[in-house]
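Chains as they are written, first to last, in full-length UniProt numbering: chain A, 1 to 531; chain B, 1 to 276.
Positions of the beta carbon are idealized from the N, C-alpha and C atoms, including for glycine.
I have placed the structure first, in the form of structure tokens, so that the comments after it can refer back to it.
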Amino acid sequence: MNFRIWAAAALCAFGLTAVPAPSQAQEAGGTLVYIVQPEPPSLASFLSTSGPIGLVAPKIYEGLFDYDNDLKIVPALAESYEVSADGKTVTFTLRQGVTWHDGAPFTSADVAFSVMEVLKQVHPRGPNSFREVTSIDTPDEHTAVFNLANPAPYMLRALSSYESPMVPKHLLEGTDLRNSDLATSPVGTGPYKFVEWKKGQYIRLDKNEAYWQDGMPYLDRLVGRFIPDASTRTAAMENGEVMYGAYGAIPNIDAVRLRDTDGFSVTTDGYSMINPMALIEFNTTKPPFDNPAVRKAVSLAIDREFLIENIWFGYGKPATSALSSNFAAVGLYKEGMPNYPKNADVAGAIALLDAAGIMPDANGVRATATLDLIPYGEDWRRAGEYMKQALAEIGIAIELRYEDVPTWLKRIYADYDFDFNVNYFYQLSDPVLGVHRHYGTDQIRQGTHFVNSSRYSNPELDALLAAGAQEADATKRAEIYGQVQEILAEDMPVANLFEMQFLTVYNDKLKEHATSAMGAYGSFDRAWVEQ
Amino acid sequence: MTFWKLFARNRGAVVGLGILVLIAVMAATASLFFPADPFSLAGKPMSPPGENGFLLGSDSLGRDVAAGIAHGAKTSLLIGLLATLVAVGIGIVMGALAGYYGGPIDNLLMRVTEMFQTIPSFIFAILLVAIMKPSIESIVIAIAVVSWPAVARLVRGEFLSLRNREFVQACHTLGMSDVRIMLGEILPNCLSPVIVIGSLMVATAILIESGLAFLGLGDPNIMSWGFQIGAGRTLLRSAWWVCTFPGIAILLTVLAINLVGEGINDALNPRLRERT
């Protein structure tokens, strides 16, 4: 498919998904109390992609688009768009009559400001999403024309409110973006207005009466509660205090139990735009992981199915390549890559180490290293304990290290003071948005979180990534990413472990909360509660 | 009457001692009965007690709970004893100096002691371990740092009451050095309460260590009971055995140490000697 056809197809899809018919009569009113875990550091979704911010901010801010569960574009602040024949101009027609929560009108100036001055400057992924945008023209209040240096088809997948929120120019212009008041009292155009943030307890949002979708939202109020202890969260769900918990707020073991309990349901929907991948980042600049053979041996020695079955209770899918198998839908995923076994290949790993001349000493130890673990909960600790055992079998003796989040982030992404690190990344809806940041030489950005901490640098791969970002032809693009996956399976600067499946646990009284591909990072505009 | 006879009058203390000896033997022979690393994935995960060759069941990764308890005993006793030794050491030095010299030195040292006493000890221990990065050393240091003030207070009190006794004055007249008087004359006379408080402190230290490990602040490379409970906590409803057995181990150990401590107290406390 070339770019023009691709764009046309997207336009068609656009028309098809205007307003889906409701499956059941909605009841207006009521309050939805849901779990926000952990408490967000701020509500500045234009500054940080931190998960808990995503649970709250997209209810307040909106993006140009939303996406439905089939990843089709749903109009939000932009009513329609048009891509020029050469792919270098994208014109958005904005919705009329939209106002910010403070009453000011939403215009094309806000769009230009949000993208050029905010997202491209201070957002973690914005510089990637909008890398080709050179300027934005605003011929009138409701038209925004994006001028691109090169075609950027992936950009249209990065316009959700979670990924690229539109922020009010009149409140942000000329202020210090990183220390804005908006971080703790956001003003958006979304279905809910920010009311109150009681630190350590909850965030309260109330219905935006002036919302542009008539009759919506159905709910009068949203309350995001912070409950630090996992078993307390489960108890709160069971006794009806909260009705919704996503992103593992309810531990898998309890989710599996609630799934079989009347009145509760569990779904893996609502994560398709996120595409989370559990992985190991290797420090490729120092022994033992400066040697690709050792990195591959680690990948071979880990039993991916064991991790999924015993730690994540069956929710997950073994990784088989640098790209998630979810990219098969767009033809970018390549099957049959070596070095990502489902079950541990101990003999293969040992053969690799032997061939590389890394021999065991008297105690059978070939190499020693410290494994850092993402401090996001018990599951990761269990995974670390498992890996310690699994790697001992191939003679790699490891020490485990747990630290608090800021120390860990600093160690991995600012000080580079680590050997290897278990983590998970969102691969998002296009490799340019979620995958390039692991591997590109230009993504060795000291101090920026969740980028190329391996400090892997391969000019051949850089060239392929640059070509892949701009290639409009789907077949050629698939070829490029096929080569990318081949190189990465051999060099293995990052060993993908498994495609994570996050669980959302909800009370059956809550309806239509998963209408967007963004799931819990969506707006909840159509959610309603059976009284 | 000999010490043992005095001690044995307290039946509970004898039972406690028996349990403690058993636990010590278990710790010492852990590597004989469970030669494999207690973290090793020994078999089918979540096996109930008695199944798949697991006496006390296995946890979510298939680690043997019984092996964990045996090896964890080593950690618990080691940390309990080490931390207590360090705490008693610091406490004796601080208390002896304060009690013996009195005046401004006493004032200074006791204000420092009070400063430590005003901070809730467990929270302080969490803070220290979090700052230092969890490891055996940091845990021992943290427990010692939060435990010594009680010893210091006690030793100071004893020194205050002993320093003006005739035998001490006699030592002064003989020209003995301060250090010699403190260590050779006064300290042996106030050792009994220190031994009692020390023995009870071992129990507290084990509890603090378990609490830290439960909260995920234990040394991740060393098996301990607190770690087992912390790791099994989320499984409580589906695999009760994972944290129940280590919990019983902690309960028995702490109980045994307390009983023994009381027995020592009975035996060493002259006021209780005639108690029947």
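Any idea if residue 312/A is buried or exposed, counting beta-carbon neighbours within 10 angstroms, 16 or more meaning buried? buried
Nearest candidate by alpha-carbon position, reference residue 474/A, set 289/A, 327/A, 229/A: 327/A
At a Cβ threshold of 7 Å, is residue 385/A touching chain B? yes
Can you give me, in chain order, the residues of the stretch 23-57 of chain B that have a beta carbon less than 9 Å from any beta carbon in chain A? 37, 39, 40, 41, 45, 46
Where residue 280/A falls: helix, strand or coil (DSSP): strand
List the residues of chain B that residue 381/A touches, going by C-beta distances under 8 Å, in chain order. 216, 220, 231
Taking the beta carbon of residue 178/A as the centre, do at least 16 other beta carbons fall within 10 Å, making it buried, or is it exposed? exposed
Following the continuous alpha helix (DSSP H) through residue 132/B, name the residue where it begins and the one where it ends. 121-132
Just checking residue 346/A against the ligand ATP - is the residue's beta carbon closer than 6 Å to any of the ligand's heavy atoms? For the structure depicted, the ligand ATP is absent and the ligand set is empty, with no information on it obtainable.
Who does residue 136/A pair with in a DSSP beta bridge? 146/A
Taking Cβ-Cβ distances below 8 Å as the criterion, which residues of the stretch 244-260 of chain A are in contact with chain B? 251, 253, 254, 257
Please name the residue, chosen from 424/A, 61/A, 315/A, that lies closest to residue 280/A on a Cα-to-Cα basis. 424/A
Let me make sure I understand the geometry here. Which of 255/A, 247/A, 226/A has the alpha-carbon closest to that of residue 241/A? 226/A
Reduced DSSP secondary structure (H/G/I, E/B, other) of residue 117/A: helix
Please say whether residue 166/A and residue 129/A have beta carbons closer to each other than 7 Å? no
Contact defined as beta carbons within less than 8 Å: I believe residue 185/B pairs with residue 171/B. What is the distance between those atoms, to the nearest angstrom? 5 Å
Alpha helix (DSSP H) segment containing residue 423/A, residue limits: Taken as a continuous stretch (DSSP letters only), residue 423/A belongs to no alpha helix (DSSP H), being part of the beta strand (DSSP E) at 420-426.
Are any of the Cβ atoms in chain A nearer than 7 Å to that of residue 127/B? no
Once DSSP output is grouped into helix, strand and coil, what is the label at residue 521/A? helix
So within the stretch 249-322 of chain A, which uninterrupted beta strand (DSSP E) runs reach at least 3 residues, ignoring any that extend past its ends? 264-267, 276-282, 316-318
Please identify the residue among 214/B, 246/B, 203/B whose C-alpha is closest to the C-alpha of residue 20/B. 203/B
For a contact meaning CB atoms closer than 8 Å, what does residue 130/B contact in chain A? 404
Along chain B, in chain order, which residues have C-beta atoms closer than 8 Å to that of residue 400/A? 220, 221
Nearest neighbour of residue 191/B, chosen from 9/B, 140/B, 96/B [CA to CA]: 96/B
Locate the alpha helix (DSSP H) running through residue 107/B, then write down its first and last residues. 103-118
Residue-level contact to chain B via CB, residue 37/A, 7 Å cutoff: no
Would you say residue 213/B and residue 232/B are within 7 Å of each other, going by their C-beta atoms? no
Residues within the stretch 277-297 of chain A neighbouring chain B, beta-carbon criterion of under 9 Å: none
Mapping DSSP to helix, strand and coil, what is residue 2/B? coil
Taking DSSP as the reference, what is the three-state secondary structure of residue 201/B? helix
Helix, strand or coil for residue 500/A, going by three-state DSSP, please let me know. strand
Sequence-distant residues of the same chain with beta carbon closer than 6 Å to residue 208/B, five excluded per side: 125, 143
At which residues does the beta strand (DSSP E) containing residue 257/B begin and terminate? Not the beta strand (DSSP E): residue 257/B falls in the alpha helix (DSSP H), residues 241-268.
Three-state secondary structure (DSSP) at residue 165/A? coil
Tell me where the alpha helix (DSSP H) around residue 54/A begins and ends. 51-56
So within the stretch 448-519 of chain A, which uninterrupted alpha helix (DSSP H) runs reach at least 4 residues, ignoring any that extend past its ends? 459-470, 474-491
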